[in-house]
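Report on one structure; see the data block that follows.
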Amino acid sequence: MNRRTFMASAMAAGAVGMTVQQKAAGQDSTPGKFKLKYAPDITRFSNHVGKDPIENIKFMADQGFTAVFDNGLMGKSPSQQEAIRKELEKQNMDLGPFVMYADFGATTFVLDKKEVRDMIKPILDKAVETQQRTGVKTALLVPGRFDNQLEWDYQTANVVDNLRFCMETMEKTNLIMVLEPLNRWNHPGLFLTGIPQAYAICRAVNHNCCKIVNDMYHQQITEGNLIPNIDRAWSEIGAFHVGDNPGRKEPTTGEINYQNIFKHIYLKGYQGVLCLEHGISKGGKEGEQAFINAYRYCDNFAV
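Residues in the sequence shown are numbered from 533 upward in steps of one, following our numbering.
So, in structure tokens, the structure goes:
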């Protein structure tokens, strides 16, 4: 290859090789409804509209988002919860899973103890009250740490039995409990870490109110193979969390091809919420706009 041909080839490769993040940064963010229910956290756009949840919901709707999530929903006052529901109904938006129980420091669900069930019962009742005020369909649970002094199979059986106990409350209002596996590097010592493991537990519980939230940031770290694991566990997946890896920032900042994943989920007919549970790569309004642009880019898949 002569020098002129080499240079021409190199320039063409450079153009094709523009990073996905650069493309996303230049993506047209003209508002229009997204194909999927991407759900920013409820104060994500504080640099644009402040920290008021209602103003954030309005801004998200204007940007084309059709869902929102609030991990701290259960801790808000009844009046705040009712105001959120009213605005979401006005904007025709869905509400993603809130955190019902996630004690990373306690050994709980892996134990066959009455004290565990006595501890979780009032939390379940409060979660149902939150559902009745807000209309939320899903509540997130992390079943705590594993026990170094108990064989793993016994722990698994105890988790299944304790979740079946939870179902007695969940089924009264059809509130779906979604179990979140978390990666063992960021959260060492937790019992639930993988999608296959969560799938087996949900199948054992065998209840429509016990499902999985597939956090693709965590699962890229734990096991990768994201799309095949989505397919294999599909019947038990009730929600998704989004975040790129490494860094846990918006899509296009890491190694996960979210455009392909979103297309795959869309073509499978997914109608639920995808909680955008991650940080942003830049500060201020610029970072929030980059966040929107990233989802515009990843949502721009052909169907």
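For glycine and all other residues, C-beta sits at the position ideal for the given N, C-alpha and C. This one's a predicted model, so the numbers in the text were calculated from it and none came from an experiment.
*asked:* With the cut-off set at 7 Å, would you say residue 642 and residue 691 are in Cβ contact?
replied: Residue 642 sits at position 110 when you count from the first residue of the sequence shown. Residue 691 sits at position 159 when you count from the first residue of the sequence shown. For residue 642 and residue 691, yes; Cβs fall inside 7 Å.
*If you check the beta carbons only, do residue 630 and residue 602 fall under 7 Å apart?*
Counted from its first residue, the sequence shown places residue 630 at position 98. Counted from its first residue, the sequence shown places residue 602 at position 70. Yes, Cβ-Cβ distance for residue 630 and residue 602 is below 7 Å.
_In DSSP terms, what residue 745 is bridged to_ = Start at 1 with the first residue of the sequence shown, and residue 745 comes out as number 213. In the DSSP output, where bridge partners are listed per residue, residue 745 has 771.
*Buried or exposed: residue 834, going by 16 or more other Cβ atoms within 10 Å of its Cβ?*
Position 302 of the sequence shown, counting from 1, holds the residue named residue 834. Exposed.
*Neighbourhood of residue 710 by C-beta distance below 8 Å, restricted to the same chain and skipping five residues each side*: To locate residue 710, count along the sequence shown from 1; it is residue 178. Closer than 8 Å at Cβ, skipping near neighbours: 629, 670, 671, 672, 673, 743, 744, 745, 770, 771.
*Are residue 754 and residue 726 touching if we call contact CB-CB under 7 Å?*
Reading the sequence shown from its first residue, position 222 is the one you call residue 754. Reading the sequence shown from its first residue, position 194 is the one you call residue 726. Taking 7 Å as the Cβ cut-off, residue 754 and residue 726 qualify as a contacting pair.
_Between which residues of its own chain and residue 827 is the CB-CB distance below 6 Å, once the five residues before and five after are set aside?_
Translated into the one-based positions of the sequence shown, residue 827 becomes position 295. Cβ within range, chain order: 570.
*How long is the line joining the alpha carbons of residue 656 and residue 699, rounded to whole angstroms?*
The residue given as residue 656 occupies position 124 in the sequence shown. The residue given as residue 699 occupies position 167 in the sequence shown. Distance between the alpha carbons of residue 656 and residue 699: 9 Å.
*On a CA-only basis, which of 633, 647, 664 is nearest residue 616? Give me that one, please.*
Start at 1 with the first residue of the sequence shown, and residue 616 comes out as number 84. Considering only 633, 647, 664, the residue with the shortest C-alpha distance to residue 616 is 664.
*asked:* Applying the 10 Å Cβ sphere with the 16-neighbour rule, what's the burial state of residue 589?
replied: As a position in the sequence shown, residue 589 is number 57, starting the count at 1. Looking at its Cβ environment, which holds 16 or more other Cβ atoms inside 10 Å, residue 589 is buried.
*For residue 657, name the three-state secondary structure that DSSP assigns.*
Position 125 of the sequence shown, counted from the start, is the residue given in the question as residue 657. If DSSP states are grouped into helix, strand and coil, residue 657 belongs with the helices.
*Chain-order list of residues whose beta-carbon lies under 6 Å from that of residue 583 (same chain, five-residue window excluded)*: As a working note, residue 583 is residue 51 in the sequence shown. Cβ within range, chain order: 575.
_Collapsed DSSP secondary structure at residue 625 in the structure displayed_ = As a first step, residue 625 must be located in the sequence shown, where it is residue number 93. Reduced to three states, the DSSP call for residue 625 is coil.
*Candidates 637, 625, 796, 782: closest to residue 678 by CA position*: If you number the sequence shown from 1, residue 678 lands on position 146. Among 637, 625, 796, 782, the Cα nearest to that of residue 678 is on 637.
*Ends of the beta strand (DSSP E) at residue 788?*
Position 256 of the sequence shown, counting from 1, holds the residue named residue 788. Taken as a continuous stretch (DSSP letters only), residue 788 belongs to no beta strand (DSSP E), as it is neither H nor E.
_I'd like to know whether the C-beta atoms of residue 695 and residue 737 end up nearer to each other than 7 Å._
Looking up residue 695 in the sequence shown gives position 163. Looking up residue 737 in the sequence shown gives position 205. In this structure, residue 737 lies closer than 7 Å to residue 695 by Cβ.
*Three-state secondary structure assigned by DSSP to residue 677*: The sequence position of residue 677 within the sequence shown is 145, counting from 1. Three-state result, residue 677: strand.
*Give the range of the beta strand (DSSP E) segment to which residue 839 is assigned.*
Nothing can be reported for residue 839: it is not among the residues displayed for the chain, which extend from 533 to 835.
*Just the C-alpha distance for residue 705 and residue 668, rounded to the nearest angstrom, thanks.*
Taking the sequence shown and counting its residues from 1, the one referred to as residue 705 is at position 173. Taking the sequence shown and counting its residues from 1, the one referred to as residue 668 is at position 136. Going from the Cα of residue 705 to the Cα of residue 668 covers about 11 Å.
*asked:* Going by C-alpha to C-alpha distance, which of 708, 728, 731, 750 sits closest to residue 716?
replied: Stepping through the sequence shown from its first residue, residue 716 is reached at position 184. Ranking 708, 728, 731, 750 by Cα distance to residue 716 puts 750 first.
*asked:* Pop quiz: residue 659 and residue 707 are said to be a contact at Cβ under 8 Å. What is the actual Cβ separation, rounded to whole angstroms?
replied: Walking along the sequence shown from the start, residue 659 turns up at place 127. Walking along the sequence shown from the start, residue 707 turns up at place 175. The pair is a contact, with the Cβ atoms about 6 Å apart (cut-off 8 Å).
*Just how far apart, CA to CA, sit residue 587 and residue 766?*
As a working mapping, residue 587 is identified with position 55 in the sequence shown. As a working mapping, residue 766 is identified with position 234 in the sequence shown. Approximately 35 Å between the Cα atoms of the pair.
_Just to confirm my understanding: we take residue 567, look at its own chain, exclude 5 residues before and 5 after, and list those with CB closer than 7 Å. What are they?_
As a working note, residue 567 is residue 35 in the sequence shown. If we look at residue 567 and ignore the five residues flanking it on each side, its Cβ neighbours are 798, 831.
*What residues in its chain sit with their C-beta under 6 Å from that of residue 703, if we drop five residues either side in the sequence?*
For this step, residue 703 is matched to residue 171 along the sequence shown. Same-chain partners within the cutoff: 741.
*Environment of residue 888 [buried if 16+ CB atoms lie within 10 Å]*: This structure cannot speak to residue 888, because the chain is shown only from 533 to 835.
*asked:* Can you tell me whether residue 608 is buried or exposed? The criterion is at least 16 other CB atoms within 10 Å of its CB, across all chains shown.
replied: Start at 1 with the first residue of the sequence shown, and residue 608 comes out as number 76. Looking at its Cβ environment, which holds 16 or more other Cβ atoms inside 10 Å, residue 608 is buried.
*Burial state of residue 731 (16 or more Cβ within 10 Å)*: On the sequence shown, position 199 is the one that residue 731 refers to. By the 10 Å Cβ count, residue 731 comes out buried.
_Same chain, Cβ closer than 6 Å to residue 561, neighbours up to 5 away in sequence not counted_ = Position 29 of the sequence shown, counting from 1, holds the residue named residue 561. Its pLDDT being 45, under 50, residue 561 is placed unreliably in this model, and the value from its coordinates should be taken loosely. Correct list, in chain order: 824, 825, 828.
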